[in-house]
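Each protein sequence line maps, in turn, to chains L and P.
Counting in the numbering used here, the first sequence runs from 118 upward without gaps.
Counting in the numbering used here, the second sequence runs from 14 upward without gaps.
Idealized CB from N, CA, C, for every residue including glycine.
Fair warning: this is a prediction, and the values are worked out from it, not measured in the lab.
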Amino acid sequence: MRKAIYILVLIVFLVLQVILPPSFLFFGKPDLLLILTVITGLLWGTKAGAGLGLAAGLMQDLFMGGIPGIYTLTKLINGVLAGLVEGNIFKERVLLPALLVFISTFIHEILVIILSENLIFNVNILLASRDLILPLALVNGLVGIIIYYLFIKLDRPEGSYYG
Amino acid sequence: MWPFNKTTVFISLLVVLLVAGLGIISVSEMDIPYLGWVEKGLYNLFSPVIKYSTVFYNSLRDYWIGVVNIDQVLSENESLRQRIAELESEKLIHSYQAAENERLRDLLAFKKLVPFKTIGARVIGYSTSPWQNKIIINRGKGDGISEKMPVISYNGCLIGRVDYVGAGSAQITLVNNHDFVVGGIVQRVDSRAIGLVKGVVDQYHINIMDSISWNTESREGDIVSGDIIVTSGLSDSYPRGLPIGKVISVQKDNYGISQIAEIELFKGLKTIEEVLVITEF
C-alpha cells in the first residue's frame, strides 16, 4: 500500500515537474523529484531511496531526451546518499531535512554537470553554483520543508520519534 | 537502517555500473530498438496525462488571474476592442496592397513568395531540468510533426526545432538551449556577416553568434550593435530570414581571427504558450 502511494506521488510530482513553467517561483521551479527522492531516502533508508531515485530519474529522463540517461544515475546516487542519513537524525525536526535537500541539490546538479559532456566543457562550476544551483537549492529546501512535513504527518514511519 | 555488508555493496556497485553503462549508451545516442520501443510507449502513455493536467492547471491559473485582476481585465478588454477595430481597417488596406503586389510580381515575372506551411500548437510542458531549455507541445506524429522541423512564434521569430516526436506530443529544443546551433546572417542589405548562433548555458534571453569574419572592413565582417540577425538558410534545416534576435555587443574572438557577438533574443522563452511548427518550407 505504501509503495503504491509513493508511486502515485512520484507520478503526480512528475506531472507537476513537467507542467509548471520555469518562472513558477521567484527563483525557479523546484526539483520535486529530487526532493521526493531525498525525503524517501531519509525516511525509509538507502534501499528505498535508491529505488525511488532510480524510478524518478528514469521518469525524468523520459522527458529529457531518452531513458536511461544522466538523471537515472544522479537521482539514484542522491537516494542512496540520503538513505545513509536515515536513523541518524531526529525526523521531527523539519529544518534538518531542508538542509539535506539543500546539500543534495548541490551534489545532484554538480553530478549532472560532470556527467554531461555538453555542460562539463561549457559551465563554470563556481558561477553556476552561485547563479543557478544556489537559488535552486534554496527553493528545493523551502519546498522540501512543506513536503517533508506532509510526509511525516501522513505516513510516520515506526520509531520516528527518536530517529 | 539498511545493512551495508559486502553483498549489498557488490549489488549496489553492479546496479550503478549497469545504469552508468546504459547512461553512456543513451548519451552516445546508440539506437537500441527494444529500449526505444519502451521509451516511446512510456512517453505516449504519459503525454495525455501531461496534456490534461496542463489544461486543468491553465484554467485554474487563468481563473485566478481573472479574479485578482478584474479591473485590469476589463480595461484591457476595452483597449483590445479598439485595437481590433484599428486592425480591421489596416487589414483592408493590406489586402489591397497584397493584390497590387501580386499583380506587379506577375508583370515582372518574379518568383512567387511561398508562405511556410505551419501548424499551430499549445505548450503543455516544460523542461524538468534547469540545464535544458525544452518545451513539450500538444502536436505529434499524428498531426504530421517530424523531427528537426523548425518552430516559430506567432510573430514569426525562431523558437527552436522539434527534437523528439510522440504520438500526440513533441519535444522542442529551444533556441536558447546550450546545444542549439543555427546559421545566422545580418539582415542589413549592405552586410553579409554570417556566423553560428548558439545557446548559452544559464542564459534565457542571450545567445552568442561566433565564427564571424575578423575583417570589419569587409561585408562578411560588417556587424554592429543593433543589427538584426535572421536565419541564413544555408542549410536545409531552416528557411532563410526567420528573425532570431538583435546584436547587443560585438568583440574579437580567438585572438582576433574572428568576431563574436551577443544576441538578445526577440522572444521571451520563459513564458511561451503557443508556437507554430513549420511543416514545409
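For residue i, does the three-state DSSP call read helix, strand or coil?
| i | result |
| --- | --- |
| Pro-3(P) | The structure shown does not extend to residue 3(P), since chain P is modelled only from 14 to 294, so the question has no answer here. |
| Leu-209(P) | strand |
| Gln-110(P) | helix |
| Ser-88(P) | helix |
| Met-222(P) | strand |
| Leu-142(L) | coil |
| Ile-187(L) | helix |
| Ser-66(P) | helix |
| Lys-208(L) | coil |
| Gln-95(P) | helix |
| Asp-248(L) | helix |
| Ser-271(P) | strand |
| Gln-216(P) | coil |
| Gln-145(P) | coil |
| Met-203(P) | The amino acid occupying residue 203(P) in the given sequence is Asp; Met does not appear at that position. Three-state result, Asp-203(P): coil. |
| Asp-178(L) | helix |
| Asp-192(P) | coil |
| Asp-119(P) | helix |
| Gly-162(L) | coil |
| Pro-147(L) | coil |
Among all the DSSP beta bridges, which residues are the ones paired with residue i?
| i | result |
| --- | --- |
| Lys-259(P) | Ile-241(P), Glu-277(P) |
| Ala-183(P) | Ile-150(P), Val-178(P) |
| Glu-287(P) | Arg-135(P) |
| Glu-293(P) | Lys-130(P) |
| Gly-197(P) | Gly-208(P), Thr-244(P) |
| Asp-235(P) | Looking at the DSSP assignment, Asp-235(P) forms no beta bridge with any residue, so it has no partner. |
| Leu-171(P) | Ile-165(P) |
| Lys-265(P) | Gln-272(P) |
Applying the criterion that 16 or more other CB atoms from any shown protein chain within 10 Å of the CB defines a buried residue, is residue i buried or exposed?
| i | result |
| --- | --- |
| Phe-238(L) | exposed |
| Glu-293(P) | exposed |
| Tyr-76(P) | exposed |
| Leu-121(P) | exposed |
| Val-202(L) | buried |
| Asp-203(P) | exposed |
| Glu-52(P) | buried |
| Ile-194(L) | buried |
| Leu-26(P) | exposed |
| Trp-161(L) | buried |
| Leu-236(L) | buried |
| His-191(P) | buried |
| Asp-240(P) | buried |
| Val-81(P) | exposed |
Output the distance between the C-alpha atoms of residue i and residue j, rounded to the nearest integer angstrom.
| i | j | result |
| --- | --- | --- |
| Arg-119(L) | Thr-222(L) | 26 Å |
| Gly-170(L) | Leu-244(L) | 27 Å |
| Ala-134(P) | Thr-244(P) | 22 Å |
| Phe-268(L) | Val-211(L) | 11 Å |
| Leu-217(L) | Gly-258(L) | 8 Å |
| Ile-99(L) | Gln-134(L) | This structure cannot settle anything about residue 99(L), because the visible part of chain L is limited to 118 through 280. |
| Tyr-177(P) | Met-176(L) | 16 Å |
| Tyr-56(P) | Phe-279(P) | 31 Å |
Exercise for the section: Count the CB pairs spanning the segment 193-211 of chain L and the segment 223-235 of chain L that are closer than 8 Å, and state whether there are at least three. Expected result: yes
Practice task
Check whether the segment 85-96 of chain P touches the segment 238-257 of chain P, taking contact to mean three or more Cβ pairs, one atom from each stretch, closer than 8 Å.
Solution key: no
Problem - the segment 164-175 of chain P contacting the segment 213-226 of chain P, beta-carbon criterion three pairs below 8 Å - result: no
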